[in-house]
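Below is one structure, written out as structure tokens; comments come after it.
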Amino acid sequence: MGTVVNDRHTEEPTGGKIRVLIVDDSTFVRRALIRVLRAADDVEIVGEARDGMAAIDAARRLKPDVMTLDLQMPKLGGLDVLRVLRDELPTRIIMVSSFTREGAEETFQALEEGAFDFVDKTRVRNRVDFINLGQDLLAKIRLAMGQATAESSAIPPARVNPPQSAPAPPARTARGLLIVGASTGGPPAVRRFLNAFSPSFPAAIVIVQHMPPGFSEGFARRLNQMAPIIVSEAVDGEVLLPAHAYVVPSGMEADFAVEDGVLRMFLREGDADEKHRPSLDHTLTRAAVLDVPRLAVVLTGMGADGAEGAVQFVSSGGDIAVQDADSCVIHGMPRAVANRVEVAFEAPPDELGEWASRVMAGLTVDRSGS
7 MGTVVNDRHT EEPTGGKIRV LIVDDSTFVR RALIRVLRAA DDVEIVGEAR DGMAAIDAAR
67 RLKPDVMTLD LQMPKLGGLD VLRVLRDELP TRIIMVSSFT REGAEETFQA LEEGAFDFVD
127 KTRVRNRVDF INLGQDLLAK IRLAMGQATA ESSAIPPARV NPPQSAPAPP ARTARGLLIV
187 GASTGGPPAV RRFLNAFSPS FPAAIVIVQH MPPGFSEGFA RRLNQMAPII VSEAVDGEVL
247 LPAHAYVVPS GMEADFAVED GVLRMFLREG DADEKHRPSL DHTLTRAAVL DVPRLAVVLT
307 GMGADGAEGA VQFVSSGGDI AVQDADSCVI HGMPRAVANR VEVAFEAPPD ELGEWASRVM
367 AGLTVDRSGS
């Protein structure tokens, strides 16, 4: 059996506080997170563990509301712990991750397999960094408990596409543009959404997913392994191709232009005072002025990013759809958009993908560049 570092309380609920179990192999990280979270009036630290076996033992005995879970630990890694506990307990699990290639891929796999969300501990270097990390974690702990009745089971794993030996020659430009925005709960929802598209889809897809710097490349790589179309992290100035999805890099904003009939995307660093980078508001506003067929879909997410941009997007002739409340992890962004504009469709991610594919089906794929 692994070693539980400390059980602070029994499994009985106390005073309506959110009961949290901290799991990390670093004593320094555990102590720092406990120090920050303990200052919150609505959180109680019920225990801590330093390896995967200890985490399973502590979770079964203490039955915490929320568990923070390190990915890379002795004896049993965080992903394996998640797989053991996800069907046993209603505990919401928040991964504590790093943006190394291996860490990012495991993080997105954990989200697909039932983790509620993640925080990035890579850039923590001093006390101020830990305070910021703790505040980010606290916000997600509260969000997790606010969604305690939402579906917590993992999304069934997607089919990994085998490599194609003779791909069709690439088209010179997309005939339309589909904008997809998401935040909390977004990675598995985006994956479900993309499953509806085929290599004959005539438009380009631009994905605006809120996540920490360093994770967007791994997110794009993971989607590319799973989706029936090509997915990549966006590059400044590239031509947007049909049946190709582009993930806007963390910390950047996307602009668009049509030059000689060719649709391009340009990237710039987001403004320091912007709450989200990339911002769905910014992307929708820039897409609204394009003289090409365009759609937008807003998936699960916290806050109201996209609500302002949706007004201009719809008023300029674009259609917008949102994820329904029942299938969202957090319904904030879809609800905010629906409160500002008339939405064309509301459904779970897979049905939204089918809708968008049908709407764009009448476009002709251009392989000549004209």
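Count along the sequence shown from 1, then add 6; that gives the number in my numbering.
By construction, the Cβ of each residue, glycine as well, lies at the ideal position given by its N, Cα and C atoms.
Item: By Cβ distance, which residues of its chain are closer than 7 Å to Leu85, with the 5 residues on each side in sequence left out?; Value: Leu77, Glu112, Gln115 and Ala116
Item: Considering Gly324, what are the terminal residues of the beta strand (DSSP E) in which it resides?; Value: Per DSSP, Gly324 belongs to no beta strand (DSSP E) and is neither H nor E.
Item: With H, G and I counted as helix, E and B as strand and the rest as coil, what does DSSP make of Gln215?; Value: strand
Item: Decide if the region 256-264 is in contact with the region 214-228; the criterion is three or more beta carbon pairs, one per stretch, under 8 Å apart.; Value: yes
Item: In the region 184-229, which residue ranges form an unbroken alpha helix (DSSP H) of at least 4 residues, counting only runs that do not cross its ends?; Value: 192-200
Item: Could you check where the alpha helix (DSSP H) with Asp261 kicks off and where it finishes?; Value: Asp261 -> not in any alpha helix (DSSP H); beta strand (DSSP E) instead, spanning Met258 to Glu265.
Item: Are the CB atoms of Gly182 and Arg300 within a distance shorter than 8 Å?; Value: yes
Item: In this structure, does DSSP put Gly140 in helix, strand or coil?; Value: helix
Item: For a test of the three-state rule: what should DSSP assign to Phe122, helix, strand or coil?; Value: coil
Item: Compute the beta-carbon to beta-carbon distance between Pro70 and Val26, rounded to the nearest angstrom, for a pair I have assumed lies under 8 Å.; Value: 6 Å
Item: Between the region 137-154 and the region 43-62, do three or more beta carbon pairs fall short of 8 Å?; Value: yes
Item: Measure the beta-carbon distance from Lys146 to Ile99 and round it to whole angstroms, keeping in mind my assumption that it falls under 8 Å.; Value: That pair is no contact at about 11 Å.
Item: What's the call for Pro96, buried or exposed, on a 16-neighbour Cβ count within 10 Å?; Value: exposed
Item: Let me know the secondary structure DSSP gives Arg283 once reduced to three states.; Value: coil
Item: Below 8 Å on the Cβ atoms is my guess for Gly309 versus Met339; work out the distance and round it to an integer in Å.; Value: 6 Å
Item: With a threshold of 8 Å, are at least 3 pairs of Cβ atoms found where one atom belongs to the region 231-248 and the other to the region 303-321?; Value: no
Item: Label Phe34 either buried or exposed according to how many other C-beta atoms from any shown protein chain fall within 10 Å of its C-beta, with 16 as the threshold for buried.; Value: exposed
Item: Quick check on this structure: which residue in Arg148, Arg197 and Lys281 has the alpha carbon closest to the alpha carbon of Phe225?; Value: Arg197
Item: Roughly how many angstroms lie between the CA atoms of Asn167 and Ser103, to the nearest whole one?; Value: Low local confidence applies: a pLDDT of 42 at Asn167 is under 50, so the model's placement there is unreliable, and no value is given.
Item: Thinking C-beta only, is Leu269 closer than 8 Å to Leu286?; Value: no
Item: Just reading off the beta strand (DSSP E) that Ser103 is part of, what are its end residues?; Value: Arg98 to Ser103
Item: Alpha carbon to alpha carbon, what distance is there between His282 and Leu39?; Value: 24 Å
Item: Taking the straight line between their C-alpha atoms, what separation do you get for Leu88 and Gly191?; Value: 16 Å
Item: For Ala240 versus Leu290, is the C-beta distance shorter than 8 Å?; Value: no
Item: Do the region 320-330 and the region 344-358 touch if we need at least three Cβ pairs shorter than 8 Å?; Value: yes
Item: Counting only the same chain and skipping the five closest in sequence on each side, list residues whose C-beta sits under 7 Å from that of Val264.; Value: Leu296, Asp297 and Val298
Item: Quick check on Gly312: buried or exposed, where buried means 16 or more other Cβ atoms within 10 Å of its Cβ?; Value: buried
Item: Where does Ser379 fall in DSSP's three states?; Value: One cannot answer for residue 379 here, as it falls past the ends of the chain, which runs 7 to 376.
Item: Give me the Cβ distance between Ala362 and Val343, rounded to the nearest whole Å; I'm assuming they're in contact under 8 Å.; Value: With 8 Å as the limit, Ala362 and Val343 do not qualify as a contact, their Cβ atoms being about 15 Å apart.
Item: Return the chain-ordered list of same chain residues with a C-beta closer than 8 Å to the C-beta of Gly368, the five sequence neighbours on each side being excluded.; Value: none
Item: Between which two residues does the alpha helix (DSSP H) containing Thr33 stretch?; Value: Thr33 to Arg44
Item: Kindly indicate which residue of Gly152, Gly267, Arg228 and Ala202 has the alpha-carbon position closest to the one of Ala249.; Value: Ala202
Item: How long is the line joining the alpha carbons of Leu75 and Thr179, rounded to whole angstroms?; Value: 43 Å
Item: Please report the distance separating the alpha-carbon of Phe207 from that of Asp261.; Value: 22 Å
Item: Using beta-carbon positions only, say whether Ile28 and Met151 come within less than 8 Å of one another.; Value: no
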